[in-house]
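The block underneath contains the structure these notes are about, expressed in structure tokens.
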Amino acid sequence: MSTIQITLPDGSTRDLESGATGLDLATSIGSRLAKAALATVVDGAMTDLSTPLPSGSTVAIVTEGTPEGREVLRHSTAHVMAQAVTRLWPGAHFAIGPAIADGFYYDFDLPNGARFTDGDMERIEAEMRAIVKENQPFVRSEHSFDEGLALFADQPFKVEIIKSVQEGSREDLDEVGSASSVSAYRNTDSFVDLCRGPHVPSTGRLGHFKLMRVAGAYWRGDEKRPQLQRVYGTAWESKTALEEHITRLEEAEKRDHRKLGKELDLFSFPTVLGPGLSVFHPKGGTIRRLIEDYSRQRHVEDGYEFVNSPHITKGELFETSGHLEWFADGMYPPMELDEGQKYYLKPMNCPFHLLIFNARPRSFRELPLRLFEFGTVYRYEKSGVVHGLTRVRGFTQDDAHILCTREQMHDELISLLNFVLDLLRDFGLNDFYLEISTRPPEKAAGTQEEWDEAEATLTAVAQSHGLELVLDEGGGAFYGPKISVQAKDAIGRTHQMSTIQLDFQLPQRFDSSYIGSDNQRHRPIMIHRALFGSIERFIAILIEHYAGALPTWLAPEQVRILSVRNDHDDYAWEVAKTLKAKGARVVVDEASEPLGGRIRRAKLEKIPYILVVGDDDVRERTLGINARGSNDPERGVGLDEFVNRFVDEVASHGMPEGR
RNA sequence: GCCUGGGUAGCUCAGUCGGUAGAGCAACGCACUCGUAAUGCGUAGGUCAGGGGUUCGAAUCCCCUCUCAGGCUCCA
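In short: position in the first sequence from 1, add 81, done, that's my numbering.
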């Protein structure tokens, strides 16, 4: 018997009998590894544990609990679900079933137009558990295209995939395995699925899964093609990992800004207004005012000019800008006046800012001109897409347009990105990465040099911040490249925050120009930028980031003072007066009901500081401090000491020290 | 826009087989005056999302509309 030599990831080598598989390799290393093994990576490509290893290859064992291991496990679980569905609904067609973040899905088309209901989830799960118990093997086979078409003759979606690969489409290569043949995995005589693999050795290796929901999904993601039913599930390597995942979902749900917005009385969506239209209540309005005030202050410091524009305009403006040509679907239909004049609600502020620029001849000496506005815009989002404050039909952008010369573009972008990151950090968002969208391959406004310079500058600036940079090749709009700042929140979700977009197009459409030092007219470059994106969305992200416990400087109510008995009320009001003189937002809650109940209510409202004043405090001019996040009140703190602490914390944008 | 599931008091929810509407919290009133996460008693609060239908009788069954949630598509 000949032997083969295998190199392990650590560089060591092992000799195995010819024909040895990944499982043999794992077994030769240790029984625990063999038990945890799910698949192998042979020279960088994932294969099944049962595939014979080629001599001289470098092999890594994929184990449970690793990202690759989970992917294999989830993908295999998707197959089990497809089998379960075909058992329960004979004749069901299945389309595509990949592993995704935290789980998997599979798309189905049930016979006779049948639909899944929520109650079916349990039935399918039970059938899946039976399949797991049967410990069916995953057996790989390779076929020619014709064999593949015959094998899946009763599965039209699979046939379509095979045919499209056969015709040279690369889109479905991942499903099939290669451009010259198709691979399939068989679990039983009656269930086989087209698949690239790899899979776990047998269904007995699975089991820690849960079906989450059913949803409609278009075949091929195309709105015009039939809608299939997608079943989502989550799957993990152990019961503990599954439970932890469920707990994380519950945690995210607790942070949901729509839920907290209601509980904390910040904003609402009165149904009489229509979908995607919000009202801010006093507390939410306070948060909003604080965010806007701070933003205004920073913009003044950074050399922005404040402008203002109306919410409606004649259609001509958006004809000039091109919005009516390209973006009409996203706009509210026009209001038509008696004379036939059409007025539109504005979906964007940029054309107005260009009118301001164009209002009189501009000199190069005025550039860069930075025009800022909290501009409220209206977009007719499709009814199914509105979501809390993050996707609405009426919202306010912290919108600015910078008009500058091409020579100024570089420095302007550098200072702009610094400004953005600095501002976001002031709100406690610290974990960023950047995404750069570059020149689209087909048509693009502006010269190649302008694009190159803009892209190089954006890249250099991003790198100078040491931030992770994701390239969105060719993803820019035709009128200019874009950089967007993605921020990770406290539980690791990413949100698109700021966008900085260069525009080589709009100044041309509006025939904007400035007079250069050469006494000639020149076309300015325009930079669109919104740092919060929209204030509504930014508030939503902050609420979720902080789980509603906003830092003291942003808390609508910062301090609540509770008197122990009514004869402490006067002192409570005196403390309130002292704090208000320092700008604090304070409420006094007099002793009309027991202290415990008042403490509880204030805690539920996530107020940063609850101050309790009783006999000792009136006598000594002190306070009892119950800070948010703490269940261990501090007694006998001097009033002046607290005031200083509070003022420092607000100035530094800090949080209460909940011990 | 499409698919699936919802909509009962301000909030969170219960409501059996189709038989005439319930709880807790919040609100309001009275009493209680208390040192760190729920004081007690009482009062009031409903077009069961809206409209239509079936029925002796509808929160409950059927249809339409509105709206919300989760997805899909979309997000220049």
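Note that CB positions come from ideal geometry on N, CA and C, so glycine has one too.
query, result
"Three-state secondary structure assigned by DSSP to P714", "coil"
"Minimum C-alpha distance to F348 - residue among I620, I642, R682", "I620"
"Neighbour-count burial assignment, R740, 16 or more Cβ in a 10 Å radius", "With a pLDDT of only 45 at R740, under 50, the local geometry of the prediction cannot be trusted, and the value read off the model is given with reservation. Label assigned to R740: exposed."
"Nearest residue (CA-CA) to V505, options G178, K291, Y375", "The sequence given here has Leu at residue 505, not Val. Checked all of G178, K291, Y375; the closest Cα to L505 is Y375."
"With 16 other Cβ atoms within 10 Å as the buried cut-off, status of G557", "buried"
"Contacts around P414, its chain only, beta-carbon distance under 8 Å, and the 5 residues preceding and following it disregarded", "Y461"
"Complete beta strand (DSSP E) runs within the segment 408-481 (minimum length 3 residues, chain order)", "423-426, 450-459"
"I437 to I688 span [Cα, whole Å]", "43 Å"
"CB contact flag (I608, I483, <8 Å)", "yes"
"Helix, strand or coil at Y652 according to DSSP, with G and I counted as helix", "helix"
"Those residues which DSSP pairs with I142 across a bridge", "T121"
"Per DSSP, cross-strand counterpart(s) of C485", "I606"
"For I581, the three-state DSSP class (helix, strand or coil)", "strand"
"Terminal residues of the alpha helix (DSSP H) in which S93 lies", "Looking at the DSSP string, S93 is not in any alpha helix (DSSP H), and its letter there is neither H nor E."
"Whether A265 touches L154 by CB criterion (8 Å)", "no"
"Outcome for P282 when other beta-carbon atoms lying within 10 angstroms are tallied against a minimum of 16", "buried"
"Opposing strand residues paired with G561 [DSSP bridges]", "A558"
"Three-state class that DSSP yields for T147 in the structure shown", "coil"
"Three-state secondary structure (DSSP) of Q308", "strand"
"Of the residues S594, L720, D533, the one placed nearest L450, counting alpha carbons only", "S594"
"Cβ-based neighbour list, F453, same chain, cut-off 6 Å, excluding 5 preceding and 5 following", "H380, Y385, F387, A481"
"Bounding residues of the beta strand (DSSP E) (the contiguous stretch that carries T198)", "Taken as a continuous stretch (DSSP letters only), T198 belongs to no beta strand (DSSP E), as it is neither H nor E."
"Alpha-carbon spacing of I393 relative to Q577, whole angstroms", "28 Å"
"Three-way DSSP call (helix, strand, coil) for R740 in this model", "With a pLDDT of 45 at R740, under the threshold of 50, the modelled position of that residue is not reliable, and no figure is offered here."
"Collapsed DSSP secondary structure at Q247 in the structure displayed", "helix"
"Continuous beta strand (DSSP E) stretch holding E516: start and end", "512-518"
"CB of V640 within 8 Å of CB of A665, strictly", "yes"
"Cβ-based neighbour list, P432, same chain, cut-off 6 Å, excluding 5 preceding and 5 following", "L398, S402"
"Closest Cα partner of E145 within the set A118, D201, V240", "A118"
"Neighbour-count burial assignment, A541, 16 or more Cβ in a 10 Å radius", "exposed"
"Sheet register partners of D129 (DSSP bridge)", "A120"
"Assigned secondary structure, V566 (DSSP; H/G/I helix, E/B strand, else coil)", "strand"
"Cβ separation of L341 and G710, assumed to be a contact under 8 Å, to the nearest whole Å", "Actually they do not touch by this definition, with Cβ atoms about 16 Å apart."
"For A234 and I306, the rounded distance between their alpha carbons", "Residue 306 is actually Arg in this sequence, not Ile. Cα-Cα distance, rounded: 21 Å."
"3-residue-minimum beta strand (DSSP E) runs that sit fully inside the segment 629-695, ordered along the chain", "640-644, 667-670, 690-694"
"Reduced DSSP category for L704 - H, G, I as helix; E, B as strand; rest coil", "strand"
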